[in-house]
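S.K.: Take 1 as the starting number for the sequence shown in full-length UniProt numbering and just add one per residue. For every residue, glycine included, the Cβ atom is placed at its ideal position computed from N, Cα and C. Mind having a look at this structure? Questions to follow.
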Amino acid sequence: MDFLKNLLEKGKDRFQRLSGSQRLFLLALVGAGILAGLFLIFLSGTTDYGVLFTNLSQEDAGAIVTKLKGKKVPYRLESGGTAILV
């Protein structure tokens with residue numbers, strides 16, 4: 001615990017010795033890093049879907065969706081349920 005407290009004190013002292021423009025630059029750099037991290041997290045959560053089938057009957061679409069669900073494949077229905085995207 002003393003190690004962390006000592007490290008925090010050293011960091012605080014170094015930050016206080018920086019000029020105003022250096023402090024601003026450091027804070028902007030940290031902020032940009034946080035924004036970049038959030039952006040990457042957001043991008044990793046999105047899924048790009050491609051067309052698997054189009055112009056399907058409701059029965060065919062239902063059968064395919066059942067198979068996809070069984071294999072736990074993420075899918076999306078489009079065009080009123082006549083197109084399947086995976």
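Under the DSSP definition of a beta bridge, which residues are partnered with Ile34?
M.R.: Per DSSP, none; premise fails for Ile34.
S.K.: Can you name, in chain order, every residue of its own chain whose Cβ lies under 7 Å from the Cβ of Tyr49, other than the five neighbours on each side?
M.R.: Arg76, Leu85 and Val86
S.K.: Can you tell me the Cα-Cα spacing of Val30 and Thr46, whole angstroms?
M.R.: Here the alpha carbons of Thr46 and Val30 stand approximately 25 Å from one another.
S.K.: Under DSSP, the alpha helix (DSSP H) around Val65 begins and ends at which residues?
M.R.: Gln58 to Gly70
S.K.: In this structure, how does DSSP classify Leu52 when only helix, strand and coil are distinguished?
M.R.: strand
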